[in-house]
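Below is one structure, written out as structure tokens; comments come after it.
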Amino acid sequence: MKTPPSVRATCGALLLLAVLFVVPDEVQGRNVTTTSGFNSFRLPNSTVPTHYTLRLDTDIHKGNFEYSGRSLIRIKVVEATDQIVLHSVRSVITCLELRKTDHNSIPITGFASDEEKEFLIINVGQVLQPHSGIYTLEIKFNNSIDRNDLAGFYRSSYRTENGTIRTPRMQTYLVAWLVSDFVSVEVVLPQPKLTIATWAEPSLAHLLSYSVNVSTRFIRVMEEYFGKRFSLPKIDNVVIPRFGIASHAMENWGLVTYQQAFITYDPLQDGFSSQFPVTRTIAHEYIHQFFGNLLAPKWWSYLWLNEGFACFYQYYVGSISHPEVIQRELFVTKVMQKAFDVDSYAKVSMTHYVESRPNISQLFSSVMYEKAASVLRMMNYALGERTFQKGVHYYLQKNDVQGRGILTSRAFDSFRLPNNTVPTHYTLHLDTDVDRGIFDYTGKVQIRINVVEATDQIVLHSLRNVITNLQLRNSAQLAVPVKGHEFDEEKEFLVINLGTVLQPNSGSYTLDIDFTNSIDRNDQSGFYRSSYTDEQGVTRYHGLTQFESVDARTSFPCYDEPGIKTTYDISITCGTAYHARSNAPLLGIKLLPGGKKITTFATTPRMQTYLVAWLVSDFVYEREVLKQPQLAVSTWSKPSSANLLSYSVDASVRFIRAMEEYFGELYTMSKIDNVAIKDGDYAAGAMENWGLVTYRESAIFFNPETQTQSQQIGVVTIVGHEFTHQFFGNLLAPKWWSYLWLSEGFARLYQYYVGSISHPEHGLRERFVTGPMQNAFSSDGSPTIRPMTYYTDTRAGISRLFDRIAYDKSGSVLRMMSYALGERTFQKGLRYYVQQNKANGVVEESNLFASLEQAAKEDAVLPLTFSMHDIFGSWSNQAGVPIVSVRREGDEFYFTQTRFFAEPQEDPLDSSWWIPISFSTPSNTAYEKLPAFWMPPHVSEVSYTIPLAEGETLMFNPYATGDYNAALGLMSYLREETDYVPWVVAHENLRYLKTMLRGDEKASELLQTFTEQLATPLLEKYSFAKRSGESANDEELRSIAIEFACSASESCKSAALASVTVKSRSVRNVYGATDRALLCSGLQQAEVEERQGFVSQVSRMLESQPDDPFARKYIQEVVACTGEELKGVRYLLELDESERSNALYRLIVGSNVTPGDLLQSLHSELSRRQSISINPATIPKVLLELSHYVTEPSEISLLTSVVSQFAPSVASEVSYQLMANRKWIERNVGPLTAALSLIVSV
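For the sequence shown, UniProt numbering gives the first residue as 1, with consecutive numbering after it.
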């Protein structure tokens, strides 16, 4: 029976737990004969409870196991009766009293127990009538927790090393309480606030963090998936030393209990596989909070409605929240197979009626769990998951009578818009006085909308906007009644309630919204302010936008989803000394009174909200106008940087024309602007806003007097990336964020490949192998990694999609497919992809696969029976990367594939891919780039004949065209090698070894000597001085040689120390990579006083040049080598990912700064984040990067605490990384030390 008990426990402290197993929900009364025997184990239900108030008094803290209790039960009468019948076993009744609402007592003639049916029968001295009001039954009783059946309210214990809450309506078996001296680890989630904690005896405190992190991630994903919020403001997990439930856990509403093995996890001792039972068990019990708790079965006959859903969705929702731990494929082996085995001899059906205690207990079998879950899964596939999910949403909505209320007349069961209305055009006007240092602004947006489904609401996004006026007009410009509007803060919806129902096909409506807002914000998102200091020392403010991914809504009300594209007319009012730029070309400027003007822009192409952009500033520009067709290409910056813009304009001109030719498509508009924003105010790095691309200053500037080819390469590739987006991401927008890789993967690949056409002097194709492809390998070996196509819909989840998978892995897979089909065919397929989809402008992965398959079949480069949907889908929809093993028997070669893990482990999914296999021999280069054959998935072994002459060498994957690991024996070979690619690859591997071995003195010293021996020949070739005409590759190789040789070479150390002496006299020129490498090595060896003096001098230089991005960037890089300035650690939050990776390595490995010190400093900075400018998306990335260096227990504890507080969304990844660090050290330090001892001694 569902009732809302109020539970209050009075006691001292130790462990106390109650689990009451009684009947589930029964709403209908049953006809019974009064004062007669009972012929059923079910209650007569002539009376039903409406509320419990339960008080317990225990002295368990004194070892006294007796307790007393008082229960007040409010009841109503359903059928006339002279009895009240309820359940009671073991309780000794000491007092019984029945009162009406008016507090008058009702006579009780006695009470009796039916021991067989476990009834307490109270005989009343009069007949109670239906509809006669509420009665209160007071029962006082005594009982004991000294019982050995591990059920009910019982005692438990452990060995030491030395108020009133209103519940939801629920059935009695979910009532629970705990009285203990347990300790907890907890996390508080915002919007809405929810406290999640795990409790255990004090000695287990260090084992609780993982369960809290799992709970935190799972409950939010569960809420999103089912469109429901958890009903209480808290949920506790409790570790029970003696637990009597056979299923290892119990789903008590808000107080879930577990056996220790299924809730605790030791990141230092337990392997990754130990995360599975914890994650699965939490998922099972949390699913019950909806299926079993929120919706209770009417009788035990329908137990499968509890357990079937929990058993099914623990895998299916768990695969969304924790894809690294739980995969849907596991359901087949762990659940479905068991269902088949059991169902052959099962004696009961899923719906099976019983009444007695033993029979009810027997229902908890595989039929209710595994079989029911398998049937639900079958129906899920039969209807399609989206339809089945929709039906489950209806099931929850129609049967949830908790009365929590909904925001409006429609419940929102997703973070996605209901989209019963869609926009067809925006007219947006903004009025700002940023030129006067005033940060508030006003706006007016007119949105033309069409109605798709009948509705009495218009739902769009809005956050931070203060609505001052709101009107709706129909196509005849007549007002449509608006009852009001409200905000769903959690989903960031603006909900407009109408006084009428809008019908589809009823013409266009215009929604007018006036609003105010402010650019005075510190998250570097939305419409926000930046500044610079002019030559007179005056701070000059400007306003800019950064809307990707979901921040257009924070600047104006809009339909803020990537698949919703429409046109925009934008106008901006500002001071006459400033000018406005936006996506589209300028139409005109009109002067206004009061020293202001209004700038109007042309209508944009159809585009999504996150590409809308504007800039209000006093910036200057450099421009080049191209002909046939006309295109104005400009770069804008603060006035003092005007001399740094030429190279970016030239790079843009060359790249955009090469891009248009390569893809057979012209850029849409007649202008494209680049805008340079101060590094410290622009966390995004760069953003592809259509026609108004924004960048960090250090990414787009080039000073020909002080900088080298390395900076030119940086400018070309970042411009190439953002310009490629003008086609892939802008012209073709992903239908949802799941397909982000269709934007970022293409941009990552073609910034190098089209860049190699527009700028052949930079060797960019080669740099793709040493850059993005290596990054992809380094991240894709983790079992926690996600696949390329991955669904999420929350703000935090979407932000986390912008990772190496979206960029580097996706670019690498696209590159592999280009080689597998042949670049000409692949290019042809991409041209089809653009032409076939640009009219609609919204794409998903199947559109790409279809276009590529069309080209491949036309060119006969793919067997007719093969499908690009299957081939490419095996890479986009599956996490990880394969490693191919080859064995030889004569000329027959046998190939097998397994998933690559950086830390060896079993692959529970048996992952498998379509893999193109290429090879070359001195006599056969036909398959050097094109595949000789495709290795299919889920085949144990594939054989292929390769005739080889005696002594002939064979190389597989010679151009690294497949996305699978090839282990290269580089170390000894590097002594004789001076080429770019092997050394750059080895550089990262050697840095990793230095990182992991730094805690072992002997291994670290051996590695230092070994790297010096490897790098000395390289340094001898390139020396310490830059030579005329050398390339960026040469400069990078010299820096690598200095870094490694100076770790042990005395001559290199002397040169490095001399560099410190020279630069300490004038530190103005540290732009060269060689200078910075020498300074870094020298400062790490210098005396403390010399380091501190150098830091003091460069700090003064930074203060004198606050707006020079390169001085700031390069000097901070050098200072990081000293380890002296941890107070300035906030600069780590300002760096891009590659810069931050280098900075952490220099601090921790090069300068011996402990991760603990860095964490303390970061914690201090993050605690102040409301008063400093930090993009929230940066925080989890920094902590994840830092986790690669953390190995000590105290540092692990500190990192776990910081992650729980500031980035709980990455807690699982951090936990895995910490475990992987420990496992790697345990497995490798000894063998590596032995191997290095042999090599170094030679």
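We put the CB at the ideal spot given by N, CA and C, even for glycine.
- prompt: Bridge partners of residue 1311, per DSSP?
  reply: No information on residue 1311 is available, as it lies outside the stretch 1 to 1242 that the chain covers here.
- request: Would you tell me roughly how many angstroms separate the C-alpha atoms of E561 and S1151, rounded to the nearest one?
  value: Using only the alpha carbons, I get a separation of about 45 Å.
field: Simplified DSSP assignment, three categories, for M368
entry: Shown here, M368 sits in a helix according to DSSP, grouped into three states.
message: Could you check whether Y647 and V754 sit closer than 9 Å to each other, using their CB atoms as the reference points?
response: No.
message: For the ligand NAP, I want to know if F141 counts as a neighbour, meaning its beta carbon is within less than 8 Å of at least one of the ligand's heavy atoms.
response: Among the ligands in the structure shown, none appear at all, so the ligand NAP cannot be discussed.
message: Checking the sheet assignment: what are the DSSP bridge partners for P423?
response: Answer is I449, bridged to P423.
field: Boundaries (first-last residue) of the alpha helix (DSSP H) holding Q457
entry: Counting along the chain, Q457 falls outside any alpha helix (DSSP H), though it belongs to the beta strand (DSSP E) covering T455 to H461.
- request: For Y541, write down the residues that DSSP places opposite it in a beta bridge.
  value: Under DSSP, Y541 forms a beta bridge with S531.
- prompt: Taking the continuous beta strand (DSSP E) assigned at K338, which residues delimit it?
  reply: Going by DSSP, K338 is part of no beta strand (DSSP E) but of the alpha helix (DSSP H) stretching over Q337 to D343.
message: If you measure between the beta carbons of R696 and P1109, is that distance less than 9 Å?
response: In contact: R696 and P1109 (Cβ atoms closer than 9 Å).
message: What would DSSP say about V1119, mapped onto helix, strand or coil?
response: V1119 falls in the helix class under three-state DSSP.
query: What is the DSSP secondary structure of H51, reduced to helix, strand or coil?
result: In the structure shown, H51 sits in a strand (DSSP, three-state: E or B).
message: Quick check on C574: buried or exposed, where buried means 16 or more other Cβ atoms within 10 Å of its Cβ?
response: Around the beta-carbon of C574, 16 or more other beta-carbon atoms lie within 10 Å, marking it buried.
field: Cα-Cα separation between P379 and F701, rounded to whole angstroms
entry: Strictly speaking, residue 379 in this sequence is Met, with Pro absent from that position. C-alpha separation (whole angstroms): 58 Å.
- prompt: Are there 16 or more other CB atoms within 10 angstroms of the CB of V466, so buried, or fewer, so exposed?
  reply: Exposed, by the Cβ-count rule.
query: Should D780 be labelled buried (16 or more other beta-carbon atoms within 10 Å of its own) or exposed?
result: Of the residues assessed, D780 falls on the buried side of the cut-off, its CB having 16 or more other CB atoms within 10 angstroms.
- prompt: Taking Cβ to Cβ, would you say K371 is nearer than 9 Å to V392?
  reply: The answer is no: Cβ separation not under 9 Å.
field: E97 (DSSP reduced to helix, strand or coil)
entry: In the structure shown, E97 sits in a strand (DSSP, three-state: E or B).
query: What are the start and end residues of the beta strand (DSSP E) that includes M996?
result: Looking at the DSSP string, M996 is not in any beta strand (DSSP E); the run it does join, the alpha helix (DSSP H), is Y980 to L997.
message: Which residue wins for smallest C-alpha separation from L472, given the options N497, L54 and R464?
response: Among N497, L54 and R464, the Cα nearest to that of L472 belongs to N497.
- prompt: Would you call the region 212–221 and the region 320–330 in contact, with 3 or more CB pairs under 8 Å?
  reply: As far as the Cβ criterion goes, the region 212–221 touches the region 320–330, which means the pair count is three or higher.
query: With DSSP run on the structure shown, which of helix, strand or coil describes C1052?
result: Reduced to three states, the DSSP call for C1052 is helix.
message: Tell me which residues share the same chain as R1227 and place their Cβ nearer than 8 Å to its Cβ, disregarding the 5 neighbours each side in the sequence.
response: Cβ neighbours of R1227 beyond the five flanking positions: none.
task: Leaving out five residues on either side along the sequence, give the residues of the same chain with a beta carbon under 8 Å from the beta carbon of E186.
output: Closer than 8 Å at Cβ, skipping near neighbours: T195, I196, A197, T198 and V212.
message: Beta-carbon within less than 7 Å of F65's beta-carbon, same chain only, minus the 5 sequence neighbours each way: which residues are those?
response: Shown here for F65: same chain residues with a beta carbon closer than 7 Å to its own, the five before and five after excluded, namely S144, I145, D146 and R155 in chain order.
message: Are the CB atoms of L749 and S812 within a distance shorter than 9 Å?
response: In this structure, L749 lies closer than 9 Å to S812 by Cβ.
- request: May I ask which residues mark the beginning and end of the beta strand (DSSP E) holding N674?
  value: That run of the beta strand (DSSP E) goes K671 to I677.
- prompt: To the nearest whole angstrom, what separates the beta carbons of T427 and N450, a pair I think is in contact under 8 Å?
  reply: That belief does not hold up - the Cβ atoms of T427 and N450 are roughly 16 Å apart, past 8 Å.
query: Should P629 go down as buried or exposed, given a rule of 16 or more other Cβ atoms within 10 Å for buried?
result: Exposed, by the Cβ-count rule.
Exposure label - M788; buried when at least 16 CB within 10 Å: M788 is buried by the Cβ-count criterion.
query: Should residue 1293 go down as buried or exposed, given a rule of 16 or more other Cβ atoms within 10 Å for buried?
result: Coverage of the chain is limited to positions 1 through 1242, which leaves residue 1293 absent and any answer about it impossible.
T566 and G526 closer than 9 Å at C-beta: In this structure, G526 does not lie closer than 9 Å to T566 by Cβ.
- prompt: Just reading off the beta strand (DSSP E) that W614 is part of, what are its end residues?
  reply: Residues W614 to S617.
Runs of alpha helix (DSSP H) lying entirely within the region 258–330, each at least 4 residues, in chain order: The qualifying runs are 275–288, 304–316 and 318–321.
- prompt: Taking buried to mean at least 16 other C-beta atoms within 10 Å of its own C-beta, is V649 buried or exposed?
  reply: Buried, because 16 or more other Cβ atoms sit within 10 Å of the Cβ of V649.
Nearest-angstrom Cβ-Cβ length linking W690 and T604, presumed shorter than 8 Å: About 7 Å; that satisfies the 8 Å criterion.
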